[in-house]
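Okay, so here's the structure we're looking at.
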Amino acid sequence: MMKYFLRTLKRLSPAPLVHAHCDGPCGVYDPAQARVSAEAVVSMTKKITELERPKSDAAEDWANYHNTLSRYISIKEEESENTKHHLLVLWTDYFKPEHLEQFPDLHGLFWKAAKAASACKHEVSSHHAEELLSFVEQVHKIFWQTKDREVEWVLANKK
Amino acid sequence: MGPGEQKIERADFGFSVREALLWALRKRQRFSIAGLSMEPLLSAGEDVLIRPYSAGERPHAGDVVVLKHPAKELHLIKIIHRISAEEIELRGFNAEHSTDSRDFGNVDEAKLLGRLTVILG
C-alpha cells in the first residue's frame, strides 16, 4: 500500500533532486589503464630500436620502413600521452588528502611519472619507458593499499 | 564525532505516523536522491523527508543534512563529519566516491536546509 502510494506520488509529483554528489559519477578507477598504456610505450620503444633498415635501395622497401617506423613512433607518442592522462585522473580524482597523509611521497611520485611520460614522447629511450612502467607499478601498489586489497602486478606483455 | 566513529543505519530513518502528519502539515520537505556518494545508506532514485532545523537548534556531527552547494546551483545531501562554532565539515556516506568538504571546503551553518528524518524509499 505504502509502496503503491509512493510510486504514484513519485510519478505524479516528483520531488526536487538532492545530490549525493560525486564528480566521478561512475566511481570506477583502476591503475590498470595506465599500466596497459605504459606497457605499450615500452613495447613501441623496443620495436623502434630493433627495427631493421632495408638492405636494398628499393624505394618500396624504404617506404615500408618509414611507414612502419612512423606508425611505431605515433603509437609511442599516443600511449605516452594516454599513460599521463590515466595517471592524472587517478591523481586528481581518486586520491584524497587522507591518502596523502598515508603516502607523503604521492605528489612526487605522480610528478615524476608524468615527467617520465613526457620524456617517452620526446625521446626513444628504453630507460625512460621502463622508468615510466615502474612508476605506474608504484602507483598500482599505493592505489590498492588505499582500498585494503591485494592485487598482483601483472604485465600483459611477457618480458 | 564523524560518520566513521558513529554508526548510521537506514533503520534510524523509518517512516512513522508522526512524520506522515508533519509531512502533511508541510513541516517536512521531500527530496529525491541522485548520485552515489551516500550508498549504501541512500540510493539514487529514493525519496527522503527533511526537517528544517528549528530556530536556535544546532546541527550535530553525524546528522545527515541537505545543503546548498557552496559553488553550484544544486542541493547536496551529506553527513556532518565535524562541526565547530564557525564551520561544518561534510562527507559522503560512501566517502571514497564522494565530492565533499575535502573538495569544496567547509561550509557555514546558513547553507544547511535541514536534516534527514525519513527514508521513504
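One line per chain: the protein sequences are A and B, in this order. Just so it is clear: in the first sequence, position 114 is 114 by UniProt numbering, and no numbers are missing. Just so it is clear: in the second sequence, position 24 is 24 by UniProt numbering, and no numbers are missing. Each residue gets a CB set at the ideal place from its N, CA and C atoms; glycine is no exception.
Exercise for the section: For the alpha helix (DSSP H) holding A/T49, just list the boundary residues, first then last. Expected result: Taking the first residue of the first sequence as 1, we reach residue 49 of chain A at position 49. Element bounds for A/T49: 32 to 50.
Practice task
Determine whether the Cβ of A/P31 lies closer than 8 Å to any Cβ atom of chain B.
Solution key: If you number the first sequence from 1, residue 31 of chain A lands on position 31. No - not a single Cβ of chain B is within 8 Å of the one on A/P31.
Problem - Continuous beta strand (DSSP E) stretch holding B/A34: start and end - result: Walking along the second sequence from the start, residue 34 of chain B turns up at place 34. Counting along the chain, the beta strand (DSSP E) containing B/A34 begins and ends at 29 to 34.
Handout entry: Beta-carbon gap between B/L113 and B/L41 smaller than 8 Å
Key = Here residue 113 of chain B refers to the residue found at position 113 when the second sequence is read from its first residue. Here residue 41 of chain B refers to the residue found at position 41 when the second sequence is read from its first residue. In this structure, B/L41 does not lie closer than 8 Å to B/L113 by Cβ.
Practice task
Work out the CA separation of A/A38 and B/P3 for me, nearest whole Å.
Solution key: Here residue 3 of chain B is taken as the residue at index 3 of the second sequence, counted from 1. Here residue 38 of chain A is taken as the residue at index 38 of the first sequence, counted from 1. Confidence is the limiting factor: at B/P3 the pLDDT is only 44, short of 50, which leaves the residue's position unreliable, though a coordinate-based value still follows. So the two alpha carbons sit approximately 39 Å from each other.
Handout entry: Residue of A/A119, A/A116, A/E81, A/W91 minimising C-alpha distance to A/L106
Key = In the first sequence, the residue the question calls residue 106 of chain A occupies position 106. Cα-wise, what sits closest to A/L106 is A/W91.
Problem - Own chain partners of A/S118 with C-beta closer than 8 Å, once the 5 adjacent residues on each side are dropped - result: On the first sequence, position 118 is the one that residue 118 of chain A refers to. Within its own chain, the residues whose Cβ lies closer than 8 Å to the Cβ of A/S118, once the five positions on either side in sequence are excluded, are S80, K84, listed in chain order.
Practice task
Round the Cβ separation of B/E46 and B/V118 to the nearest angstrom and send it over; I've been treating them as touching at under 8 Å.
Solution key: In the second sequence, the residue the question calls residue 46 of chain B occupies position 46. In the second sequence, the residue the question calls residue 118 of chain B occupies position 118. At roughly 11 Å, the Cβ-Cβ gap does not stay under 8 Å, so B/E46 and B/V118 are not in contact.
Problem - Supposed close pair A/S126, A/T45 - CB separation, criterion 8 Å - result: Here residue 126 of chain A refers to the residue found at position 126 of the first sequence. Here residue 45 of chain A refers to the residue found at position 45 of the first sequence. That pair is a contact at about 5 Å.
Practice task
Determine, using beta carbons only, whether A/K10 comes closer than 8 Å to chain B.
Solution key: Taking the first residue of the first sequence as 1, we reach residue 10 of chain A at position 10. With 8 Å as the cut-off, A/K10 counts as an interface residue toward chain B.
Problem - Residues of its chain near A/R7, where Cβ-Cβ distance is below 7 Å and the 5 sequence neighbours each way are ignored - result: Position 7 of the first sequence, counted from the start, is the residue given in the question as residue 7 of chain A. There are no such residues.
Problem - Helix, strand or coil at B/V66 [DSSP, three-state] - result: Here residue 66 of chain B is taken as the residue at index 66 of the second sequence, counted from 1. Three-state result, B/V66: strand.
Exercise for the section: Can you say whether A/L12 is buried or exposed, counting buried as having 16 or more other CB atoms within 10 angstroms of its CB? Expected result: By 1-based counting over the first sequence, the position of residue 12 of chain A is 12. That one is exposed.
Problem - Integer-rounded CB distance, given that A/Y72 should sit under 8 Å from A/P54 - result: Looking up residue 54 of chain A in the first sequence gives position 54. Looking up residue 72 of chain A in the first sequence gives position 72. The Cβ separation is near 15 Å, so there is no contact.
Exercise for the section: State buried or exposed for A/K3, treating a residue as buried only when at least 16 other CB atoms are found within 10 Å of its CB. Expected result: Taking the first residue of the first sequence as position 1, residue 3 of chain A is located at position 3. Under this definition A/K3 is an exposed residue.
Handout entry: Counterpart residues of B/R51 in DSSP-defined beta bridges
Key = Numbered from its first residue, the second sequence carries residue 51 of chain B at position 51. BP columns for B/R51 point to B/R115.
Problem - Proximity to A/N82 [Cα-Cα], best of A/L132, A/D148, A/A20 - result: In the first sequence, counting from the first residue as 1, residue 82 of chain A sits at position 82. Residue A/L132 is the option with its Cα nearest to A/N82.
Exercise for the section: For chain B, find out if any of its Cβ atoms is closer than 8 Å to the Cβ of A/K76; answer yes or no. Expected result: Taking the first residue of the first sequence as position 1, residue 76 of chain A is located at position 76. Answer no: the Cβ-Cβ gap between A/K76 and chain B never drops below 8 Å.
Practice task
Can you tell me which of the three DSSP states A/E152 falls into?
Solution key: Here the question's residue 152 of chain A lines up with position 152 in the first sequence. In the structure shown, A/E152 sits in coil (DSSP, three-state: anything other than H, G, I, E or B).
Practice task
Would you give the residue range spanned by the alpha helix (DSSP H) that A/R71 belongs to?
Solution key: Position 71 of the first sequence, counting from 1, holds the residue named residue 71 of chain A. Secondary structure note for A/R71: its alpha helix (DSSP H) is the uninterrupted segment 59 to 89.
Handout entry: Nearest residue (CA-CA) to B/G56, options B/L120, B/I80, B/L36, B/A110
Key = To locate residue 56 of chain B, count along the second sequence from 1; it is residue 56. For B/G56, the nearest C-alpha among the options comes from B/A110.
Exercise for the section: Could you spell out where the beta strand (DSSP E) holding B/K78 opens and where it closes? Expected result: For the purposes of this step, residue 78 of chain B is identified with residue 78 of the second sequence, where counting begins at 1. Here the beta strand (DSSP E) through B/K78 covers 75 to 83.
Exercise for the section: Could you say if the segment 20 to 27 of chain B and the segment 73 to 90 of chain B meet the contact criterion of at least three C-beta pairs nearer than 8 Å? Expected result: no
Problem - From B/L120, B/G121, B/L116, residue whose alpha carbon lies closest to that of B/Y53 - result: For the purposes of this step, residue 53 of chain B is taken as the residue at position 53 of the second sequence. If we check each option's Cα against that of B/Y53, B/L116 comes out closest.
Practice task
Mind listing the chain A neighbours of B/G105? Cutoff is C-beta to C-beta under 7 Å, in chain order.
Solution key: One-based indexing of the second sequence puts residue 105 of chain B at position 105. Simply none; closest approach about 12 Å.
Problem - Neighbour-count burial assignment, A/V154, 16 or more Cβ in a 10 Å radius - result: Position 154 of the first sequence, counted from the first residue, corresponds to residue 154 of chain A. Its Cβ having fewer than 16 others within 10 Å, A/V154 is exposed.
Exercise for the section: Please list, in chain order, all residues of the same chain as A/A34 whose beta carbon is under 6 Å from its beta carbon, the five residues on each side excluded. Expected result: The residue labelled residue 34 of chain A in the question sits at position 34 within the first sequence. Contacts found: T83, H86, L87, V136.
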